[in-house]
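Some notes on the structure that comes next.
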Amino acid sequence: MSDSINLIDAQTELGCAIGQNYTKHTQEIPMDFLDGLQSERLASAAVRAGELHRVASVPTAVVEIWLRQGLDIHKMTAREIVAKLHRDGLDAFVTSNKRI
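According to the working numbering, the sequence shown is numbered sequentially starting from 721.
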């Protein structure tokens with residue numbers, strides 16, 4: 721039996737208020753998803769890391785924000801991604817306590 725958590729895709733809303741058009745980007749992040757990431761982060765200390773080691777789980781909405789800031793997550797190293805998450809106060813998406 722496997723536990724699976726469905727993360728809902730990012731949503732884009734177009735609107736107009738007081739004569740100004742706007743675009744609103746949102747993504748629902750379920751608490752059980754964040755709890756799973758925290759459990760994985762806490763368990764990482766007891767597990768030996770192999771060549772492939774998951775260090776973060778970055779939601780689509782965050783990736784889109786970074787793209788608008790000129791950052792391409794696909795061209796960033798794992799160390800850069802984790803550092804950016806910490807700088808932005810998004811530590812909940814880090815899945816490992818190991819040094820990268």
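Cβ atoms here follow ideal geometry from the backbone N, Cα and C, with glycine treated the same way.
| message | Spatial neighbours of histidine 806 within its chain, please: C-beta separation below 8 Å, excluding the five flanking residues on both sides. | response | Looking up residue 806 in the sequence shown gives position 86. Closer than 8 Å at the Cβ level, and outside the excluded window around histidine 806, lie Val814.
| said: Taking the alpha helix (DSSP H) that leucine 757 belongs to, which residues open and close that run? | reply: Reading the sequence shown from its first residue, position 37 is the one you call residue 757. Residue range 751-763 is occupied by the alpha helix (DSSP H) that includes leucine 757.
| query | What does DSSP give as the partner residues of lysine 744 in its beta bridges? | reply | Within the sequence shown, the letter at position 24 stands for residue 744. DSSP, once it has assigned bridges, lists Glu733 as partnering lysine 744.
| request: Please go through the same chain and pick out, in chain order, the residues whose beta-carbon is closer than 8 Å to the beta-carbon of leucine 758, but skip the five residues on each side of it. | output: Residue mapping note: residue 758 aligns to position 38 of the sequence shown, counting from 1. The displayed chain sequence assigns glutamine, not leucine, to residue 758. The residues are Ala812.
| Whole-angstrom Cβ separation of isoleucine 820 and valine 782, contact assumed at under 8 Å? | Counting from one through the sequence shown, the residue named residue 820 turns up at place 100. Counting from one through the sequence shown, the residue named residue 782 turns up at place 62. 18 Å between Cβ atoms; not a contact.
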